[in-house]
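Student: This structure is in structure tokens; I'll ask about it shortly.
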Amino acid sequence: MTTSAPANPWLSWDYVQTNWADISEALVQHVTLTVEAVLIAFVIALPLAALAFGRPRLAGPVLGLAGILYTIPSLAMFAILSPFTGIGRTTVLIGLVAYAMLVLVRNILVGLEGIDPEIRDAARGLGYGRIRLLLTVELPNALPSIVVGLRLATVTTVALVTIGVIVGYGGLGQLMFRGFNSNYRAEIMTATILCLAIAFVADLLLAAAGRLATPWARTRTQS
Amino acid sequence: MTGNENAVADALVWLNDPLNWTGPDGIPARVAEHLTMSVLAVLLAALIALPLGVWLGHRGRGGSFVVVMANTSRALPTFALLLIFASTSIGFGNRPVVLAAAIFAIPPILTNAFTGLREVDRDIREAARGMGMSGRRSLALVEIPLALPLIGAGLRTAAVQVIATVPLAGLVGGGGLGPIIISGLATRRFGEVLAGGFLVIVLCLAVEALLAGGQRLLTPRPMRTPRRAGRRATRAAGATGS
Chain A
5 MTTSAPANPW LSWDYVQTNW ADISEALVQH VTLTVEAVLI AFVIALPLAA LAFGRPRLAG
65 PVLGLAGILY TIPSLAMFAI LSPFTGIGRT TVLIGLVAYA MLVLVRNILV GLEGIDPEIR
125 DAARGLGYGR IRLLLTVELP NALPSIVVGL RLATVTTVAL VTIGVIVGYG GLGQLMFRGF
185 NSNYRAEIMT ATILCLAIAF VADLLLAAAG RLATPWARTR TQS
Chain B
2 MTGNENAVAD ALVWLNDPLN WTGPDGIPAR VAEHLTMSVL AVLLAALIAL PLGVWLGHRG
62 RGGSFVVVMA NTSRALPTFA LLLIFASTSI GFGNRPVVLA AAIFAIPPIL TNAFTGLREV
122 DRDIREAARG MGMSGRRSLA LVEIPLALPL IGAGLRTAAV QVIATVPLAG LVGGGGLGPI
182 IISGLATRRF GEVLAGGFLV IVLCLAVEAL LAGGQRLLTP RPMRTPRRAG RRATRAAGAT
242 GS
């Protein structure tokens with residue numbers, strides 16, 4: 005792109021080699037933050053969605069609240085949290101969990117609501133209790149939708165981590181911003197590409213895990 | 002961080018300071034700038050995404066392109082895009098922000114326009130053609146009007162997302178409400194940070210409510226889905242379907 009300015013290229017293997025320690029640290033930070041956020045969000049979202057599903061009266065308010073929270077910009081969210089949780093990891097993590105959770109609750113709920121009622125009736129007819137029905141019938145049946153939610157949440161979280169830089173903890177966002185401030189393009193570009201790579205790999209892994217976990221869905225589409 | 006229990010009080014003081022509400026740097030001026038940038042970004046995005054989405058949806062092709070576009074956009078950090086733009090000849094300030102926000106806004110507009118046109122009932126389309134309408138006439142008089150609710154929803158989502166993205170301007174020397182948060186963080190004045198965050202959130206929610214109401218008003222009465230009944234209907238459909 006910028007052949008006329010070799011002093012400040014967008015891509016530089018040299019930069020990657022000499023700064024690998026830095027880059028890998030940011031990379032690890034980015035990945036751990038994403039994984040942690042999505043896991044915590046999932047642990048919170050699952051019972052919340054199950055509760056909303058069991059009590060349809062709650063579904064409306066839960067989804068409405070999730071929708072409203074989702075319109076809050078991440079930057080404003082970090083800003084609002086920062087006076088109370090400080091500058092750093094906790095603030096970023098809370099913000100990320102909040103966003104991932106909203107995506108997950110929605111998708112899990114949609115998945116549960118989409119289950120064929122005959123399946124549910126059959127299980128009930130076999131004498132399944134409420135909890136057993138949820139754990140052994142409803143959740144497995146909602147798995148495809150849950151996987152979609154997880155993929156969506158993970159990919160958005162990877163991109164959102166970068167905003168964490170405003171409260172001093174942004175993984176690869178840190179590198180992007182440092183590169184921007186020192187006007188070093190290769191640093192911005194490398195971090196951006198790595199960010200996209202993380203999202204891509206995470207998405208592939210989750211999709212593969214989803215396929216492994218739902219063998220019945222595969223045979224259904226084949227037949 | 003310590004001693005930030007007073008942040009709320011500081012924020013209230015900041016918001017109550019008449020000096021912060023007047024002048025070229027006052028809150029109304031910043032809100033106006035924030036909205037101007039957002040409108041520009043959405044217009045720019047719509048200019049590209051609407052014709053493309055309508056055309057692809059009308060032709061019934063390019064579905065995979067739209068999906069890929071929508072998925073990749075989620076992974077691309079707007080922050081990165083913003084920094085990349087700002088470090089090119091586009092320069093600092095509002096311009097890279099508007100561009101980055103516009104790119105961010107293209108996928109929701111595109112996907113909704115595409116799905117809106119794809120979902121127009123086949124029979125209706127054929128009826129229009131059977132009445133002797135040309136493809137273009139059917140598109141303008143039948144298909145687009147029927148797709149309007151979804152197109153509107155796409156624009157709405159895009160607008161709210163853009164308003165939520167524009168605060169990033171504070172990081173590249175742009176205007177709007179973002180700089181309040183960024184400069185507050187830089188100077189450790191957490192009251193200001195809180196006040197800025199609060200203002201951005203209020204603006205987002207207000208615009209969302211305004212657009213939702215506007216869309217409802219603009220939708221012709223027969224096409225309005227009564228909220229309650231609609232929701233119940235979809236749930237019932239889900240319960241009996243498949």
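Residue numbers (my numbering), protein chains in the order written: chain A, 5 to 227; chain B, 2 to 243. Here a beta-carbon is modelled for each residue, glycine too, at the ideal position from N, C-alpha and C.
1) Under 8 angstroms between the Cβ atoms of residue 110 of chain B and residue 79 of chain A?
2) Which residue's Cα is closest to the Cα of residue 211 of chain B: B:158, B:192, B:90?
3) Do you know how far the Cα of residue 160 of chain A is from the Cα of residue 85 of chain B?
4) Along the alpha helix (DSSP H) that carries residue 172 of chain A, what are the first and last residues, could you check?
5) Please state whether DSSP places residue 233 of chain B in a helix, a strand or coil.
6) Are the region 134-150 of chain B and the region 40-60 of chain B touching by the rule of at least three beta carbon pairs closer than 8 angstroms?
7) Would you say the region 161-179 of chain A touches the region 94-110 of chain A, given that touching needs at least three Cβ pairs under 8 angstroms?
8) Interface residues of chain B around residue 204 of chain A at Cβ under 8 angstroms?
9) Counting only Cβ-Cβ distances shorter than 9 angstroms, please list the residues of the region 158-175 of chain A near chain B, keeping chain order.
10) Is residue 66 of chain B buried or exposed, if buried means 16 or more other CB atoms sit within 10 Å of its CB?
11) In angstroms, rounded to a whole number, what distance separates the CA positions of residue 2 of chain B and residue 9 of chain B?
12) Comparing C-alpha positions only, which one of A:144, A:157, A:185, A:194 sits nearest to residue 219 of chain A?
13) Is there a Cβ of chain B sitting closer than 8 angstroms to that of residue 145 of chain A, yes or no?
14) Would you mind working out which of B:96, B:118, B:64 sits nearest residue 139 of chain B, comparing C-alpha positions?
15) Would residue 105 of chain A count as contacting chain C if we go by Cβ distances under 8 angstroms?
16) Count the other CB atoms within 10 Å of the CB of residue 233 of chain B; is the residue buried (16 or more) or exposed (fewer)?
17) Got a sec: is the Cβ-Cβ distance from residue 187 of chain A to anything in chain B below 8 angstroms?
18) Could you pull the start and end residues of the alpha helix (DSSP H) that residue 111 of chain A belongs to?
19) Please say whether residue 75 of chain A and residue 85 of chain A have beta carbons closer to each other than 8 angstroms?
20) Does any residue of chain B have a CB that is nearer than 8 angstroms to the CB of residue 69 of chain A?
21) CB-CB under 6 angstroms to residue 146 of chain A, same chain, minus the five flanking residues each way: which ones, in chain order?
22) Quick one: which chain A residues come within Cβ less than 7 angstroms of residue 209 of chain B?
23) DSSP three-state call for residue 228 of chain B: helix, strand or coil?
24) Do we get a CB-CB distance below 8 angstroms when we pair residue 80 of chain B with the residues of chain A?
25) Helix, strand or coil for residue 120 of chain B? Go by DSSP, reduced to three states.
26) Just checking: is the beta-carbon of residue 68 of chain B within a distance shorter than 8 angstroms of some beta-carbon in chain A?
27) Determine whether the Cβ of residue 228 of chain A lies closer than 8 angstroms to any Cβ atom of chain B.
28) Using 8 angstroms as the cut-off, can you tell me whether the region 171-182 of chain A makes contact with the region 47-55 of chain A, which would need three or more C-beta pairs spanning the two stretches below that distance?
29) Where are the beta strand (DSSP E) runs, 3 residues long or more, that stay fully inside the region 22-49 of chain A, in chain order?
30) Determine the chain B residues that contact residue 13 of chain A at a beta-carbon separation under 8 angstroms, and present them in chain order.
31) Pick from B:174, B:209, B:7, B:202: whose alpha carbon is nearest that of residue 95 of chain B?
32) Can you tell me which of the three DSSP states residue 79 of chain A falls into?
33) Does any CB atom of chain A fall closer than 8 angstroms to the CB of residue 19 of chain B?
34) Cβ of residue 27 of chain A less than 8 angstroms from any chain B Cβ?
35) Entirely within the region 18-88 of chain B and at least 4 residues each: give me those alpha helix (DSSP H) ranges in chain order.
36) Are the beta-carbon atoms belonging to residue 208 of chain B and residue 161 of chain B less than 8 angstroms from one another?
Tutor: Based on what the coordinates show:
1) Taking the first residue of the second sequence as position 1, residue 110 of chain B is located at position 109. Taking the first residue of the first sequence as position 1, residue 79 of chain A is located at position 75. If you check the CB distance, residue 110 of chain B and residue 79 of chain A do not come in under 8 angstroms.
2) Here residue 211 of chain B corresponds to residue number 210 of the second sequence, with the count starting at 1. Relative to the Cα of residue 211 of chain B, the nearest Cα in the group B:158, B:192, B:90 belongs to B:158.
3) By 1-based counting over the second sequence, the position of residue 85 of chain B is 84. By 1-based counting over the first sequence, the position of residue 160 of chain A is 156. Using only the alpha carbons, I get a separation of about 19 angstroms.
4) Here the question's residue 172 of chain A lines up with position 168 in the first sequence. Per DSSP, residue 172 of chain A belongs to no alpha helix (DSSP H) and is neither H nor E.
5) Looking up residue 233 of chain B in the second sequence gives position 232. Legend: pLDDT at residue 233 of chain B = 40, less than 50; position of this residue unreliable, value from coordinates given subsequently. Residue 233 of chain B: helix per DSSP, three-state reduction.
6) Segments in contact, yes.
7) Yes, the region 161-179 of chain A touches the region 94-110 of chain A.
8) Translated into positions along the first sequence, residue 204 of chain A becomes position 200. For a Cβ distance threshold of 8 angstroms, residue set 76 of chain B lies close to residue 204 of chain A, ordered along the chain.
9) Going along the region 158-175 of chain A in chain order, one finds 159, 160, 162, 163, 164, 165, 166, 167, 169, 170, 171, 172, 174 with a Cβ nearer than 9 angstroms to chain B.
10) Reading the second sequence from its first residue, position 65 is the one you call residue 66 of chain B. With fewer than 16 other Cβ atoms within 10 Å, it is exposed.
11) Sequence index remark: in the second sequence, residue 2 of chain B carries index 1 (1-based). Sequence index remark: in the second sequence, residue 9 of chain B carries index 8 (1-based). Bear in mind that a pLDDT of 45 at residue 2 of chain B, under 50, signals an unreliable position, so the number given afterwards is only what the model happens to contain. If you draw a straight line from the Cα of residue 2 of chain B to the Cα of residue 9 of chain B, it comes to about 15 angstroms.
12) One-based indexing of the first sequence puts residue 219 of chain A at position 215. Per the Cα distances, A:144.
13) Counted from its first residue, the first sequence places residue 145 of chain A at position 141. At a cut-off of 8 angstroms, the C-beta of residue 145 of chain A has no neighbouring C-beta in chain B.
14) Along the second sequence, read from residue 1 onward, the residue named residue 139 of chain B stands at position 138. Across the set B:96, B:118, B:64, the C-alpha of B:118 shows the shortest separation from the C-alpha of residue 139 of chain B.
15) No chain C appears in this structure, whose protein chains are A and B.
16) Looking up residue 233 of chain B in the second sequence gives position 232. Here residue 233 of chain B scores only 40 on pLDDT, less than 50, and its place in the model should not be relied on; the value that follows carries that caveat. Residue 233 of chain B is classed as exposed because its beta carbon has fewer than 16 other beta carbons within 10 Å across all chains shown.
17) In the first sequence, counting from the first residue as 1, residue 187 of chain A sits at position 183. Residue 187 of chain A counts as touching chain B.
18) Numbered from 1 along the first sequence, position 107 holds the residue referred to as residue 111 of chain A. If you look at residue 111 of chain A, you'll find it in the alpha helix (DSSP H) that goes 93-117.
19) Residue numbering aside, residue 85 of chain A sits at position 81 when the first sequence is read from its first letter. Residue numbering aside, residue 75 of chain A sits at position 71 when the first sequence is read from its first letter. Cβ atoms of residue 85 of chain A and residue 75 of chain A: not closer than 8 angstroms.
20) Stepping through the first sequence from its first residue, residue 69 of chain A is reached at position 65. No, no contact with chain B.
21) Numbered from its first residue, the first sequence carries residue 146 of chain A at position 142. Counting only Cβ-Cβ distances below 6 angstroms, and skipping sequence neighbours, we find 115, 116.
22) Counted from its first residue, the second sequence places residue 209 of chain B at position 208. In chain order: 75.
23) Translated into the one-based positions of the second sequence, residue 228 of chain B becomes position 227. Note that residue 228 of chain B scores a pLDDT of 49, beneath 50, so its modelled location is shaky and nothing firm can be said.
24) As a position in the second sequence, residue 80 of chain B is number 79, starting the count at 1. Against chain A, the CB of residue 80 of chain B has a partner CB under 8 angstroms away; the residue lies at that interface.
25) Counted from its first residue, the second sequence places residue 120 of chain B at position 119. DSSP, read as helix, strand or coil, puts residue 120 of chain B in coil.
26) Taking the second sequence and counting its residues from 1, one reaches residue 68 of chain B at position 67. Not one chain A Cβ lies under 8 angstroms of residue 68 of chain B.
27) There is simply no residue 228 of chain A to check, as chain A begins at 5 and stops at 227 in what is shown.
28) Touching, no.
29) The qualifying runs do not exist here; there are none.
30) As a working mapping, residue 13 of chain A is identified with position 9 in the first sequence. Chain B residues near residue 13 of chain A: none, gap ~12 angstroms exceeds 8 angstroms.
31) Along the second sequence, read from residue 1 onward, the residue named residue 95 of chain B stands at position 94. When only C-alpha atoms are compared, the closest one is B:174.
32) Within the first sequence, the letter at position 75 stands for residue 79 of chain A. Shown here, residue 79 of chain A sits in a helix according to DSSP, grouped into three states.
33) Counted from its first residue, the second sequence places residue 19 of chain B at position 18. No, because no Cβ of chain A sits closer than 8 angstroms to the Cβ of residue 19 of chain B.
34) Along the first sequence, read from residue 1 onward, the residue named residue 27 of chain A stands at position 23. No, no contact with chain B.
35) Unbroken alpha helix (DSSP H) runs of no fewer than 4 residues, entirely contained in the region 18-88 of chain B, are found at 28-60, 64-76, 79-87, following chain order.
36) Position 207 of the second sequence, counted from the first residue, corresponds to residue 208 of chain B. Position 160 of the second sequence, counted from the first residue, corresponds to residue 161 of chain B. Yes, the Cβ-Cβ distance between residue 208 of chain B and residue 161 of chain B is below 8 angstroms.
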